[in-house]
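Q: Residue numbers (our numbering): 319 to 648.
Ideal placement from N, C-alpha and C gives every residue a C-beta, glycine not left out.
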Ligand code: GLU
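1) What does DSSP give as the partner residue(s) for residue 544 in the beta ladder?
2) Quick one: give me the first and last residue of the beta strand (DSSP E) that residue 373 is part of.
3) Can you give me the Cβ contacts of residue 391 inside the same chain, cut-off strictly under 7 angstroms, excluding the 5 residues immediately before and after it?
4) Would you check whether the ligand GLU has a heavy atom nearer than 7 angstroms to the C-beta of residue 594?
5) Going by CA-CA distance only, name the one from 442, 409, 560 and 359 that's closest to residue 481.
6) What residue range is occupied by the uninterrupted alpha helix (DSSP H) comprising residue 639?
7) So what's residue 523 in DSSP terms, helix, strand or just coil?
8) Can you name the start and end residues of the alpha helix (DSSP H) that residue 388 belongs to?
9) Starting from residue 328, trace the alpha helix (DSSP H) both ways and give me its first and last residue.
10) Suppose the cutoff is 6 angstroms on Cβ atoms and the five residues either side in sequence are ignored; what does the same chain contact list for residue 452 look like?
11) Is it right to say residue 633 is buried, meaning 16 or more other beta carbons lie within 10 angstroms of its own, or is it exposed?
12) To the nearest angstrom, report how far apart residue 415 and residue 357 are at their CA atoms.
13) Restricting to Cα atoms, I'd like to know which of 595, 428, 407 and 439 is closest to residue 538.
14) Using a threshold of 8 angstroms, state whether the C-beta atoms of residue 368 and residue 541 are closer than that.
15) Rounded to whole angstroms, what's the CA-CA distance from residue 351 to residue 462? Just pull it up for me.
16) So residue 490 and residue 438 are supposed to be a Cβ contact under 8 angstroms. How far apart are they, rounded?
17) Which first and last residues belong to the beta strand (DSSP E) in which residue 488 is found?
18) DSSP has residue 481 in a bridge; who is on the other side?
19) According to DSSP, is residue 472 helix, strand or coil?
20) Might you give, ordered along the chain, the residues of its own chain that have their beta carbon closer than 6 angstroms to the beta carbon of residue 362, omitting 5 neighbours on each side?
21) Would you say the beta carbon of residue 356 is closer than 7 angstroms to some non-hydrogen atom of the ligand GLU?
22) Between the Cα of residue 612 and those of 420, 359 and 504, spot the shortest distance and give me the residue it belongs to.
23) Could you please give the first and the last residue of the uninterrupted alpha helix (DSSP H) stretch that includes residue 423?
24) Using a Cβ distance threshold of 8 angstroms, determine whether the stretch 379-387 contacts the stretch 337-347, with at least three qualifying pairs required.
25) Taking the alpha-carbon positions, what's the residue 394 to residue 561 distance?
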């Protein structure tokens, strides 16, 4: 039986008070490339250097993108690298479940709060009308929502419900004020949502909850104090901050880790088939060699280092870790 939103929130609040809680939140949409693993290593180091708990959450919300066997492979890869976690899909924990699929009731509870406060509105535009991917964390982010359904009267909403055959999506009303935050790696960022993003989707018309809402609910209900993830998600953070505020949830600290580049200088991406751990293993590389390569690329250890994740942790302190991340180049 999955605990309800309020119960998880109470437990999360108590756990958050006990210290740092970090997380890694991979999507099981295919094999992880070395860049993903570098982010995982960074998230693990951040939590462990702070003496905190480390949570693993499987972001399997976007079901059409889930690949069979991918979640198990991710866990096996992380263990092979020498990472461990205190709570996760395979070992459970006080804020279970650590997969998104069974947490839908929590996302729904959050959406209902936003609906009660009129912070969201029903949008009848088709995907084609608005070129904006809702649930993909790395969506193109192209078109800014033009505000077409923002000010529909209730009579107009009823009329559209009757004339448009598919159910509406729900969009969060973007605030006009600038949203500012201080990233632990790259410093202060400011975004004006109405200009840069527009009103954004929190639930798609097909019922799928958007990444932006799910990640906020999950991090809050898992008592996460520190969100460590790839720098490609930096632009999502202001949207998430306004959702935290609207839902009266504590905003975590954010650490956006530079993305790793391949030998040709391109950002690694699952879609472009960047080097997977499987290839490193097939080439006969040991976990220590892979950890060494990842740590060298972040400037955490000198070139040529070969060491286990545990040894890497021992060799760092909070200051050297922060300084290396700040200097790492995207
Ligand atoms: N699941 C996302 C990904 O694999 C990461 C989301 C996050 O860390 O906020 O890219």
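A: Once the coordinates are examined:
1) 340 and 571, per the DSSP bridge assignment.
2) Counting along the chain, the beta strand (DSSP E) containing residue 373 begins and ends at 371-374.
3) Once the five neighbours on either side are set aside, the close Cβ partners of residue 391 are 349.
4) It does not: the Cβ of residue 594 is nowhere closer than 7 angstroms to a heavy atom of the ligand GLU.
5) Cα-wise, what sits closest to residue 481 is 442.
6) In the DSSP annotation of this structure, the continuous segment of the alpha helix (DSSP H) that includes residue 639 starts and ends at 636-645.
7) Reduced to three states, the DSSP call for residue 523 is coil.
8) That run of the alpha helix (DSSP H) goes 388-399.
9) Run containing residue 328: 323-335, per the alpha helix (DSSP H) assignment.
10) Since pLDDT at residue 452 reaches only 45, below the 50 mark, its modelled position is unreliable, and no value is offered.
11) By the 10 Å Cβ count, residue 633 comes out exposed.
12) Cα to Cα, residue 415 sits roughly 23 angstroms from residue 357.
13) When each option's Cα is compared against that of residue 538, the closest is 428.
14) When the beta-carbon positions are compared, residue 368 and residue 541 stay at least 8 angstroms from each other.
15) For the pair residue 351 and residue 462, the Cα-to-Cα distance works out to about 30 angstroms.
16) So it is a contact: roughly 5 angstroms between Cβ atoms.
17) Start and end: 487-490.
18) Under DSSP, residue 481 shares a beta bridge with no residue.
19) Helix, per DSSP.
20) Within the same chain, residue 362 has close Cβ partners 372 and 401.
21) The answer is no for residue 356.
22) When only C-alpha atoms are compared, the closest one is 359.
23) In the DSSP assignment, residue 423 falls within the alpha helix (DSSP H) that extends over 422-434.
24) Short answer: they touch.
25) Each residue's alpha carbon lies about 33 angstroms from the other.
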